[in-house]
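Residue numbers (our numbering), protein chains in the order written: chain A, 83 to 337; chain B, 3 to 184. Backbone N, C-alpha and C define an ideal beta-carbon position, used for all residues, glycine too.
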Amino acid sequence: MDDDGLGSALTSLALRWPPEPSVTSKVISSIRESERRPTSIASRLAPRRRLVPLVAAAMILALTAVVAIAGSFLVNLGQVTVRVTPSLEPAPSSPLADEDLGRAVSLAEAEHIAGFSVYIPALLGHPDRIWVDEVRSDAGEQSRRIVTAWEPKGWLPQIPGTTWGAVMIRFEGDAEGATKLLLQGTAYHEAAYVDGDVAHWIEGPHEIRLLTDEGIERLTVTGNVLLWQDGDAVVRLETALPKTRSIAIAESSLP
Amino acid sequence: MEDAELAALARDGDIRAYEELVRRHQRLAFRVAWLITRNSQEAEDAVQEAFVKTWFALEKFRKGAPFKPWVLRIVANESKNRVRSMHRREVLALRWEAVDSGDAAPSPESSALSRDDAEVLVRALDRLREGDRLVIAYRWLLELSEAEMSDLLGVPAGTVKSRLSRAMARLRDELESSEVPA
């Protein structure tokens with residue numbers, strides 16, 4: 083049977099779909115109850131997510147489109163926190179090196195470990211390398227990190243100081259997986275939106291402290307970073323691209 | 003009124019026009035969400051949230067672009083976000099069932115497919131990996147065009163074609179391993 087014949091057979095199946103609810107009145111009620119402001123939408127749309135600190139931060143950010151960093155501004159994204167520091171000693175390890183990222187695995191292994199499809203933005207295509215790291219904190223909380231990396235290509239410039247064009251890290255679990263430290267006056271931070279959810283854009287060199295089995299690993303980040311919450315996980319995309327392009331990549335996930 | 007006209011009105015703030023768009027697409031949206039979440043309640047929540055998000059994102063909607071794949075993409079993204087936070091995913095069983103079409107007269111194609119063959123086909127579909135199952139379902143169960151799938155998946159039309167072709171080949175492999183009579 084060719085594709086068309088098989089397709090016709092599939093189309094002709096009388097499948098038992100679950101009964102479809104009518105959501106029209108609920109949708110319209112929700113819209114009417116809301117003001118047309120992104121920050122209030124985000125807080126209302128994701129009541130089950132741990133977004134309270136995120137939304138509070140976003141509301142502050144929304145008031146000033148670009149936040150010049152001053153003082154110890156703090157963003158708490160669950161597994162990742164972002165702090166501003168007035169001084170920062172050079173990190174001993176810089177920038178992100180392959181050996182820092184965990185165990186290299188195939189896509190199938192990563193999906194087996196994750197229990198679902200690994201987030202792959204269509205604009206980047208199949209990743210060139212994947213690493214998985216599972217860590218237990220001193221307090222017994224578990225954290226899992228899935229790292230995907232893509233080599234540079236025509237439109238994807240190399241991240242300075244690395245061999246990669248894009249590095250995406252997905253943080254899952256209960257333990258705090260990473261802290262980002264932004265040096266006051268050298269990096270800046272502004273609000274962004276990924277698929278309508280509040281996100282954070284960080285431009286300029288900064289430090290990331292990753293939780294590993296050997297303790298906290300200090301690494302220098304040389305690229306531009308988009309950080310957003312995806313369900314219970316936090317995703318971090320590092321590239322040398324501008325903000326709009328990074329958001330387009332983040333929003334182009336595969337099924 | 004066509005979707006494009008309703009979308010243009012909705013973009014200008016006409017909530018009645020948007021209500022009609024929701025009514026028109028909620029069934030398909032629910033099926034897309036269900037295919038991804040495999041859970042009716044999660045699918046309903048995802049659809050509801052996605053339609054609200056879509057309203058607030060209408061300013062970004064390109065005038066003249068097809069509304070259906072655009073809203074389905076938001077539904078799919080919302081559903082995927084929910085799946086990622088559903089750690090119990092492994093225990094959720096997808097069991098499509100081929101059923102008799104009830105009072106409706108069978109189509110020539112369905113009458114050509116015996117109930118046993120239909121069950122084998124459904125089981126083979128069930129065994130595919132998620133990505134393959136979704137592209138096949140979008141194309142042949144929900145009857146989206148390749149152009150609509152391109153917008154929904156955010157990939158070029160050529161990629162849709164090749165992904166669909168690979169998925170169909172794997173479905174055929176599954177069927178052969180089940181020894182379904184062709």
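Please check the pair E320(A) and V307(A), which I expect to be a contact at CB under 8 Å, by giving their CB distance rounded to whole angstroms. Indeed they touch by this definition, with Cβ atoms about 5 Å apart.
Among residues of its own chain, excluding the 5 on either side of V24(B), which ones have a beta-carbon nearer than 7 Å to its beta-carbon? Cβ within range, chain order: F53.
Close Cβ partners of V214(A) (< 6 Å) along its chain, the five nearest in sequence each way excluded: Excluding residues up to 5 positions away in sequence, G184, R185, V187, A192, I195, I228 lie with their Cβ nearer than 6 Å to the Cβ of V214(A) in the same chain.
Between the beta-carbon of I241(A) and the beta-carbon of T326(A), is there less than 8 Å? Taking C-beta atoms as the reference points, I241(A) and T326(A) fail to come closer than 8 Å.
Is R64(B) helix, strand or coil when you go by DSSP? In the three-state scheme derived from DSSP, where H, G and I count as helix and E and B as strand, R64(B) is classed as coil.
Just the C-alpha distance for E80(B) and W246(A), rounded to the nearest angstrom, thanks. As the crow flies, the alpha-carbon of E80(B) is around 29 Å from that of W246(A).
Name the residue from L37(B), S180(B), A67(B) whose alpha carbon lies nearest to the alpha carbon of L8(B). Taking only the C-alpha atoms, the option nearest L8(B) is A67(B).
Quick one: what does DSSP say Q50(B) is sitting in, helix, strand or coil? In the structure shown, the three-state DSSP call for Q50(B) is helix.
Could you compute how far the alpha carbon of R84(B) sits from the alpha carbon of A149(B)? R84(B) and A149(B) have their C-alpha atoms roughly 26 Å apart.
Taking the continuous alpha helix (DSSP H) assigned at L308(A), which residues delimit it? Element bounds for L308(A): not the alpha helix (DSSP H) but the beta strand (DSSP E), 306-312.
Reference G236(A), options R300(A), A315(A), A322(A), S225(A), closest by Cα: Between G236(A) and the set R300(A), A315(A), A322(A), S225(A), the nearest pair of CA atoms involves A322(A).
For K70(B), which residues from the same chain have a beta carbon less than 7 Å from its beta carbon, with the 5 sequence-adjacent residues on both sides left out? If we look at K70(B) and ignore the five residues flanking it on each side, its Cβ neighbours are D5, H27, E150.
Can you tell me whether Q43(B) is buried or exposed? The criterion is at least 16 other CB atoms within 10 Å of its CB, across all chains shown. Exposed, because fewer than 16 other Cβ atoms sit within 10 Å of the Cβ of Q43(B).
I need the straight-line Cα distance from R135(B) to W99(A), nearest angstrom please. Roughly 15 Å between the two C-alpha positions.
Residues in the same chain with beta-carbon distance under 7 Å from A315(A), minus the five sequence neighbours each way, listed in chain order, please. Same-chain partners within the cutoff: R252, F253, E254.
Minimum Cβ-Cβ distance from M3(B) to chain A less than 8 Å: Chain A contact via Cβ: absent.
Here's the rule I'm using: 16 or more other beta-carbon atoms within 10 Å means buried, otherwise exposed. How should S94(A) be labelled? S94(A) counts as buried, since no fewer than 16 other beta carbons sit within 10 angstroms of its beta carbon.
From the DSSP secondary-structure annotation, give me the bridge partner or partners of E285(A). When DSSP reads this structure, E285(A) sits in a beta bridge with Y270(A).
Tell me, please, whether the CB atom of G160(B) is closer than 8 Å to any CB atom in chain A? Taking CB atoms only, G160(B) has no neighbour in chain A less than 8 Å away.
Would the beta-carbon of W36(B) fall within 8 Å of that of A45(B)? W36(B) is a Cβ neighbour of A45(B), given a cutoff of 8 Å.
With 16 other CB atoms within 10 Å as the buried threshold, where does K262(A) fall? The residue in question, K262(A), is buried, as its Cβ has 16 or more Cβ neighbours within 10 Å.
Give the straight-line distance between the Cα atoms of R318(A) and W283(A), rounded to the nearest whole angstrom. Taking the straight line joining both Cα atoms gives about 10 Å.
Under 8 Å Cβ-Cβ, which residues of chain A neighbour E46(B)? The contacting residues are P103, V105.
With distance defined between alpha-carbon atoms, name the residue in Y20(B), A126(B), N41(B) nearest to I110(A). If we check each option's Cα against that of I110(A), Y20(B) comes out closest.
Between which two residues does the alpha helix (DSSP H) carrying E233(A) extend? In the DSSP assignment, E233(A) falls outside any alpha helix (DSSP H) and carries neither an H nor an E.
Please name the residue, chosen from D119(B), K55(B), F63(B), that lies closest to E178(B) on a Cα-to-Cα basis. Restricting attention to D119(B), K55(B), F63(B), the CA atom closest to the CA of E178(B) is found in D119(B).
Measuring CB to CB, does V137(B) end up less than 8 Å from A78(B)? Not in contact: V137(B) and A78(B) (Cβ atoms no closer than 8 Å).
CB contact below 8 Å: A192(A) versus chain B: No, its Cβ sits nowhere closer than 8 Å to a Cβ of chain B.
Contact defined as beta carbons within less than 8 Å: I believe L264(A) pairs with A248(A). What is the distance between those atoms, to the nearest angstrom? About 21 Å separates the beta carbon of L264(A) from that of A248(A), a gap too long to meet the 8 Å contact definition.
Exposed or buried, A91(A), counting other C-beta atoms within 10 Å across all chains shown (16 or more means buried)? Looking at its Cβ environment, which holds 16 or more other Cβ atoms inside 10 Å, A91(A) is buried.
Buried or exposed for H271(A), please, with buried defined as at least 16 other CB atoms from any protein chain shown within 10 angstroms of its CB. A residue is called buried once 16 or more other Cβ atoms fall within 10 Å of its Cβ, and H271(A) is buried on that count.
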